[in-house]
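Residue numbers (this note's numbering): 223 to 470.
Ideal Cβ placement from N, Cα and C applies to all residues, glycine included.
What follows is a single structure, written as C-alpha cells, with notes after it.
Shown next as C-alpha cells:
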C-alpha cells in the first residue's frame, strides 16, 4: 500500500537506521546482572529482554508524536500524517531501529532524529535500495520493482559451503508424490547436523517470505520436525534447495 502511494503521489522513499536502538530507551525497571559477588545495574534497555522491546516502542512513540505523526489504527507501527501541500498521506514505518520513510521531504524528519533533538545515532541515510532482503528499484516511468537477487545467491553460497557443488536435480518437485517425512524411521541427526538442518529451514522460510510460495506446504511439514530431524529429512531439505535452483 505504501509503495503504491509512493508511485501515485510522487513521494520520496528513504530510509535510515537507528544504531543500538534498544540502548536508547529507558524501561520502567532497571536491569541487574550478577557477576560473582558484584552486581551490575543498567538503566537502559538490553536486547532480548522482555521489557526492552516495549521500552523502545514507547520511546519512539514519544519521538514520532513530537514530529506530528500518528499511529495507524490498523497497524500501530505505521505512522502517518497529512501533507497539506500535496493533500496526500506521508508515512514512517517503525521496524525496531529501521525506519522506511515515504514523504515529500524525507530529510526533515531524519534531521529531527539527530543528536540535536533526540540524541539518536543514525546510519545508512539515503534513498532506499533494498527491503526485506530484496532489491528495490524504480524504472523511468515510475514502475517499482522488487528483485530477489542477493538472498538466493547467499543461500547458494551457504549450501555449497556445507555440501559442495552438486548438479541440479532433474525434478522441479520439492517432494515426491506419496512421500510423508513425518513417518520416517531412520536414525536421528547428531547435534551439529541438527543445527545445520534448522539453519536450512530458516533460510527456506525467509525465501517464502520474498515470494517462493511453491514450497510453503512441504516446508510446514519439515519445520514441524526440526527439533528432532532424521537423516532422511536432511536429504529432503537438500532436495528442496536443489529444486529451487540454488545449487551451482
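Query, Result
"Residues near residue 404 by beta carbon distance below 8 angstroms, same chain, minus five either side", "443, 446, 447"
"Nearest-angstrom Cα separation, counted from residue 310 out to residue 301", "14 angstroms"
"Best match in 319, 382, 374 for proximity to residue 433 [C-alpha to C-alpha]", "374"
"Collapsed DSSP secondary structure at residue 433 in the structure displayed", "coil"
"With 16 other Cβ atoms within 10 Å as the buried cut-off, status of residue 238", "buried"
"Paired residues, beta bridge with residue 359 - DSSP", "367"
"Range of the contiguous alpha helix (DSSP H) that encloses residue 308", "Per DSSP, residue 308 belongs to no alpha helix (DSSP H) and is neither H nor E."
"Reduced DSSP category for residue 463 - H, G, I as helix; E, B as strand; rest coil", "helix"
"Alpha-carbon spacing of residue 315 relative to residue 287, whole angstroms", "13 angstroms"
"Rounded distance between the beta-carbons of residue 358 and residue 344, thought under 8 angstroms", "Wrong, their Cβ atoms sit about 20 angstroms apart, outside the cutoff."
"Proximity to residue 402 [Cα-Cα], best of 416, 454, 236", "454"
"Three-state class that DSSP yields for residue 300 in the structure shown", "strand"
"Through-space distance from residue 420 to residue 380, alpha-carbon basis", "13 angstroms"
"Beta bridge counterpart(s) of residue 260 as assigned by DSSP", "257"
"C-alpha gap between residue 234 and residue 384, whole angstroms", "42 angstroms"
"Rounded C-alpha distance that separates residue 330 from residue 290", "12 angstroms"
"Buried versus exposed, by CB contacts within 10 Å (16 or more), residue 410", "exposed"
"Under the three-state DSSP convention, the category residue 350 falls into", "coil"
"Rounded straight-line distance, which links the Cα of residue 400 to that of residue 282", "51 angstroms"
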